[in-house]
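Report on one structure; see the data block that follows.
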Amino acid sequence: MEPWRASKALALLRRRPSWAILLAAMTLLTVSTWPQTSPARPDAVPVAVPVVQTGCLGFYQPSPPRAVVASIRDFGGVGDGNTSNTLAFRKAVERLKEFGEKGGSQLTVPHGRWLTGSFNLTSNFTLFLEEGAVILGSQDPTEWPLIEPLPSYGRGRERNGSRHISLIHGNGLSDVVITGGKKSNSRPSTWDSRALLLGYTNIGGQNGSIDGQGRMWWDLWWNRTLKYTRGHLLELMNSKNILIFNLTFLNSPFWTIHPVYCSNVVVKNVTILAPLNSPNTDGIDPDSSSTVCIEDCYIESGDDLVAVKSGWDQYGIAMARPSTNIVIRRVSGTTPTCSGVGIGSEMSGGISNILVQDLHVWDSAAAVRFKTDQGRGGYITNITISNVTMERIKIPIRISRGSNDHSDENWDPKALPRISNIVIANIIGVDIKKAPVLEGIEGTMFDGICFRNVNLSVERSKAKWKCEYVGGEAYDVFPLPCEEFRNSSSSSWCLQT
């Protein structure tokens, strides 16, 4: 290990040992523990990889070169935008699955427009979209089959019963890479997925795209003719060691990227685009997942850019699978009806140890929002949000309640959520419509909330904070916070975090 990494990590550990500091130290200490690059196999066509920062190192463990590389054309695929490739994708993955324990495999999608229904991925597998490749979601709902609802939700999120599967799906997988870039005509002597994070070569050109063509599904929602909950664009369940990198995701029917019950997930250098009026097209929603890094992403959507979740009411409480140890860094974008980063509202399994840094949000309903409700139960704790820039935001920082959005009639009104140990620091807002709105829930206290170095340009008549059932401390905050946050102790925990 380089001496500077050890020194920096030790310096961090000597400070107040918050979870965020421990996470930073862990990342520094693990950078040098990557395995040595192994020689590429003769038939392994290397993917082009970009120059990136190393912030997500330690979240995803790289794999050696895949033993077998195949093209979707090898399985009868036709990239004309009209021919259905559903069977081709399903046949390809089923064939390549045979190499899961024999060095893994890569399925390459060449330049073209590849129409397909839902297909599943497999372990030790790379889905690589070459420059100009577009995977298009089928407009036939029967090619998005129904699957069981998530146990932490108890039913489909929008409708009772089953739900449509995602366009690209996986369950119980390990070591999956979904990426893309410029086609390489050379064959370097080595390639591994570590290069995707470290960036040994430049990508150049346009990356590949996955387009859900969601308008059909949005119309069903708007017309109130939707029978089953819409499918996501990409969902991975019960999986680990996942890298989603350098792709554009377009027009998801529902939430765009949804890792649920997963661990060691990296989503990096991703662009997500959907019409700003499209319903519930969240960008990235880690759900009951741990050790997740979301970094360097641009998102425009009709819902939250990033939403951290962990189950819905009594089903999430019973499953008790939290979302924890999640880093969200350098995310930017806009959403006119929702927030840049949302915590909840499905948070019944608990949410903890979340670090949000360098967030840039504009023309949105909120920059940061904590969403809970009576009946949710669960907890939100150890959340650090820093270096947020926002412009033209309705409510910059919000804690909301009372959505009356429950899984079924069996929700428990006595199950009250808890919020504690929240640090919000280094915030700049320009042309903000209202001061923060912090609404807790009667019967439970949302406390230990720290505001530090917050400057919001708010019209004078709208500059009064709204606070109920919340408490904490605030330092160097404008406009002046409500009474519940007016503390001035020089030894405050808030000043030392």
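Per the UniProt record's numbering, the very first residue in the sequence shown carries number 1; after that it's consecutive.
For each residue, glycine too, the CB sits at the ideal point set by N, CA and C.
- Beta-bridge pairing by DSSP links W362 to E391.
- Around the beta carbon of K182, 16 or more other beta carbons sit within 10 angstroms, so the residue counts as buried.
- Exclusion of the five residues before and after I428 leaves T389 and N455 as the residues of its chain whose Cβ lies within less than 6 Å of its Cβ.
- For G208 and Q106, the gap between their C-alpha atoms comes out near 15 Å.
- Boundaries around V109 are those of the beta strand (DSSP E), S105 to V109, since no alpha helix (DSSP H) includes it.
- One alpha carbon belongs to A318, the other to G349, and they sit about 8 Å apart.
- A check of alpha carbon separations from M347 across R369, K309 and A320 identifies K309 as the nearest.
- For I244, the enclosing beta strand (DSSP E) covers residues K240 to F245.
- The beta-bridge partner set that DSSP reports for V331 consists of C297.
- Rounded to whole angstroms, the separation of the alpha carbons of R95 and K102 is 13 Å.
- With a threshold of 16 other beta carbon atoms within 10 Å, L226 meets it and is buried.
- Between L250 and I272, the gap from beta carbon to beta carbon is short of 9 Å.
- Short of 6 Å from the beta carbon of S290, and not among the five residues preceding or following it, lie these beta carbons of its own chain, in chain order: S263, T324 and N325.
- Per DSSP, reduced to three states, the secondary structure at C262 is coil, with no helix or strand assignment.
- With contacts defined by Cβ atoms closer than 9 Å, K240 and S138 do not form a contacting pair.
- By a beta-carbon distance limit of 8 Å, L167 does not contact G81. Their separation comes to about 16 Å.
- By the Cβ test, the region 390 to 407 is not in contact with the region 297 to 309, since fewer than three Cβ pairs between them sit closer than 8 Å.
- Counted as a single uninterrupted DSSP element, the beta strand (DSSP E) harbouring C450 occupies residues F446 to V458.
- For the pair of segments examined, the region 290 to 299 was found not to touch the region 63 to 70: the number of CB pairs separated by less than 8 Å stays below three.
- Taken through DSSP and simplified to helix, strand or coil, M347 comes out as coil.
- Boundaries for K464: no beta strand (DSSP E) harbours it, and the DSSP string shows neither H nor E there.
- Listed in chain order, the non-local C-beta contacts of D313 below 6 Å within the same chain comprise S348, G375, H406, S407 and W411, local neighbours out to five positions each way being set aside.
- The alpha carbon of A320 has as its nearest neighbour, out of A435, S352, H360 and I328, the alpha carbon of S352.
- Apart from the 5 residues on each side of it in sequence, I395 sits with its Cβ closer than 6 Å to the Cβ of A366, K434 and V437 in its chain, given in chain order.
- With contacts defined as CB atoms closer than 9 Å, D303 and R330 fail to qualify as a contacting pair.
- Judged by DSSP secondary structure, V68 falls outside any alpha helix (DSSP H) and instead within the beta strand (DSSP E) spanning V68 to S71.
- In the same chain as D447, and ignoring 5 residues on each side of it, the C-beta atoms closer than 8 Å to its own belong to I419, S420, V470, G471 and G472, in chain order.
- For R113, the uninterrupted beta strand (DSSP E) run begins and ends at G112 to T116, by DSSP.
- When secondary structure is reduced to three states using DSSP, V356 falls in the strand class.
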